[in-house]
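The sequence shown lines up with residues 1 to 369 when you count with UniProt numbering.
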Amino acid sequence: MTKTIVVKIGTSSLTQPETGQLALSTIASLTETLCNLRQQGHHIILVSSGAVGVGCARLGLTERPKAIALKQAVAAVGQGRLMRIYDDLFTTLQQPIAQVLLTRSDLVQRSRYLNVYNTFQELLGLGVISIVNENDTVAIEELKFGDNDTLSALVASLVEADWLFLLTDVDRLYSADPRTVPDAKPISLISNMKELAELQIQTGGQGSQWGTGGMVTKISAARIAIAAGVRTVITQGRFPHNIEKIINGEPIGTHFAPQPEPTSARKRWIAYGLVPSGKLYLDDGAIAAILQAGKSLLAAGIKTVEGEFDHQEAVQICDIHGNEIARGLVNYNSEELQKIRGCHSRDIEGILGYAGAETVIHRDNLVLT
Ligand SMILES: Nc1ncnc2c1ncn2[C@@H]1O[C@H](COP(=O)(O)OP(=O)(O)O)[C@@H](O)[C@H]1O
Ligand SMILES: N[C@@H](CCC(=O)OP(=O)(O)O)C(=O)O
């Protein structure tokens, strides 16, 4: 049966750590694996990092630039180089590829989000392997995916993939960073997010020299993907052939089991496609109503309003300590909410001078995160 498979490969697997030069055998073996999977009829999307790393190697820079403009310029050099290599290798195996460069704003606006979806569907239907990266050269700091783990999970969620493979330079997830904690325990399966929270995994800092985000972004990517019903696997990038073995049932890497009832596509867009522009802090009663009873959010349960936002923008919903529990689209702007927070719905008209919605966030526009 045809499966949709999204594979993400990080800079740490695509390049040699000592020199920053391309890890040609890994890239060739990844190309072969993806072509094999295509020949078996599967639909494939590759999310490839490496624009900045390869650009640095090309320009003789020995560390990842920190200045934004330089990083964006270097990515412009590296992205072309990277695509040239992919095209040469995939063309050798008669596999057409496409370059898809995305920015966060492509997913924020609903019409553009649906447009990206349609383009992926066409490319998959044509049997093309899309090679996706963040459009680093034009992305602005406030509207960035920031890391390709998140981008790959959003793509997997968008196309409702069956599998997401996060290829990296460790063989799986451990209870702590195995580089600094040698007796860290390997983890093979995470059945649900509650289990993940209980494991209290230590993720340390940034990851390897050229990587962005380290393990923490892979875990949050897995969270996004499994909510969409996508089985997610963290495994070693140096052995891309393992992808086929894993699909055939071999217990390699760390598996995150997909949520049995995936969150609807629109709610996933609210939760992960949109960029929240404010925060609402709730009292315990409102949190229980949302979490346990699946109710809408009323003004009465809001303790504090943070940020400036307009009607129908996305906000984070937090407990009193600032821990996020949900996201949603608001029926009131931040100025109105400052006036009506803590008030009963029947008093809203008297306070604002006009009748608004009964709920601050209707349950159809509210997603638990
Ligand atoms: N709990 C953990 N389990 C495994 N690896 C971890 C953990 N915490 C941190 N890491 C680090 O994360 C790194 C991989 O992240 P990163 O360098 O961003 O890779 P990539 O370029 O593949 O995205 C590993 O090299 C490892 O040192
Ligand atoms: N878009 C950037 C990569 C960002 C990123 O997430 O990097 P990595 O942690 O190596 O997967 C690039 O192409 O260099």
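Beta carbons are placed, not taken as given, at the ideal position from N, Cα and C, and that holds for glycine.
Here the structure is a predicted model, which is why all the values come from computation and not from measurement.
Quick one: what does DSSP say residue i is sitting in, helix, strand or coil?
i, result
"F239", "coil"
"C318", "strand"
"Y117", "helix"
"V155", "helix"
"I252", "coil"
"T31", "helix"
"Y272", "helix"
"T4", "strand"
"I226", "helix"
"K267", "helix"
"R81", "helix"
"S277", "coil"
"residue 374", "No answer is possible for residue 374: it lies beyond the span of the chain, which begins at 1 and ends at 369."
"L368", "strand"
"V47", "strand"
"L61", "coil"
"I351", "helix"
"T26", "helix"
"I201", "coil"
"R179", "coil"
"V360", "coil"
"R38", "helix"
"R341", "coil"
"R231", "strand"
Can you name, in chain order, every residue of its own chain whose Cβ lies under 8 Å from the Cβ of residue i, other than the five neighbours on each side?
i, result
"E244", "T33, N36, L37"
"K303", "Y281, L282, D283, I320, R341, G342"
"Q312", "L329, V330, N331"
"L59", "V74, V77"
"Y117", "L158, V159"
"G53", "T11, L14, T15, G20, R64, G78, W210"
"N242", "T235, Q236, E250, I252, G253"
"L113", "The sequence given here places Tyr at residue 113; Leu does not occur at that position. Excluding sequence neighbours, Y113 sits near D106, L107, L158, W269, G273."
"A286", "L297, L298, A300, G301, I302"
Report back the beta-carbon spacing between residue i and residue j to the nearest angstrom; my notes put them in contact at under 8 Å.
i, j, result
"Q99", "I131", "6 Å"
"T235", "I247", "T235 to I247, Cβ: 11 Å. No contact."
"L274", "A326", "Between A326 and L274 the Cβ distance is about 13 Å, and since that is not below 8 Å, they are no contact."
"I85", "L22", "7 Å"
"T26", "R238", "6 Å"
"S13", "L167", "5 Å"
"N133", "Q72", "So it is not a contact: roughly 13 Å between Cβ atoms."
"I129", "Q94", "About 12 Å; that fails the 8 Å criterion."
"E308", "K279", "About 11 Å; that fails the 8 Å criterion."
"E141", "I68", "6 Å"
"S191", "A257", "5 Å"
"H42", "T2", "6 Å"
"L89", "A28", "6 Å"
Who are the Cβ neighbours of residue i in its own chain at under 7 Å, not counting the five residues just before and after it?
i, result
"T359", "S296, L297, L298, N331"
"A225", "A153, A156, S157, L164, T232"
"G294", "R363"
"R268", "S157, A227, A228"
"S105", "L143"
"L82", "S48, G50, A51, V54"
"E349", "A355"
"residue 370", "Lying before the first or after the last residue shown, residue 370 is absent from the chain, which here runs from 1 to 369."
What residues in its chain sit with their C-beta under 6 Å from that of residue i, if we drop five residues either side in the sequence?
i, result
"G49", "Strictly speaking, residue 49 in this sequence is Ser, with Gly absent from that position. So the list reads G10, T11, N148, once near-sequence residues are dropped."
"L189", "H255"
"A161", "T4, V6, V230"
"T103", "N135, A139"
"T137", "Q72, A75, A76"
"Y174", "A184, P186"
"M215", "T203"
"F145", "R104, E134, L151"
"S220", "none"
Of all Cβ atoms in chain B, is any one closer than 7 Å to the Cβ of residue i?
i, result
"L164", "Here there is only one protein chain, and chain B is not present."
Exercise. Jot down the residue ranges of each uninterrupted beta strand (DSSP E) in the stretch 288 to 337, minimum 3 residues, whole runs only, in chain order.
Key: 302 to 306, 314 to 318, 324 to 329
Quiz item: Taking the runs of the alpha helix (DSSP H) that are 4 residues or longer, which of them lie wholly in the stretch 84 to 151?
Solution: 105 to 108, 110 to 125
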